[in-house]
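Novice: In case it helps, my numbering puts the sequence shown at residues 3 to 71. Positions of the beta carbon are idealized from the N, C-alpha and C atoms, including for glycine. The structure follows.
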Amino acid sequence: MNHIMEQAREDRLAVEYMDMLRGRWDPLKVTLRTLMERPEARTYRLGAGDIALMPEVRDIMCVPEDIQR
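Following this line, the structure appears as structure tokens:
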């Protein structure tokens, strides 16, 4: 029974996490486009994936909703 409850909890948390990320996707797209136009990004040929995987960007995208900004 514990295994079933734990699996249900993990599934629920995964769905909530994906919903949170979907809600943040549009602002992220705008930010990525802006960052990709920066001269520094062009110099190093950084793409959207490179920027999105930066720890700083991931920290912002994954911050819990109850954290004050």
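1) Assess contact between the stretch 6 to 18 and the stretch 30 to 46, defined as three or more Cβ pairs (one per stretch) separated by less than 8 Å. Is contact present?
2) Would you please state the rounded distance, in angstroms, between the beta carbons of residue 48 and residue 38? I believe it to be under 8 Å.
3) Cα separation between residue 19 and residue 57?
4) Rounded to a whole number of angstroms, what is the C-alpha to C-alpha distance between residue 45 and residue 51?
5) May I ask you to report which of helix, strand or coil DSSP gives residue 46?
Specialist: Put simply:
1) no
2) 7 Å
3) 18 Å
4) 16 Å
5) coil
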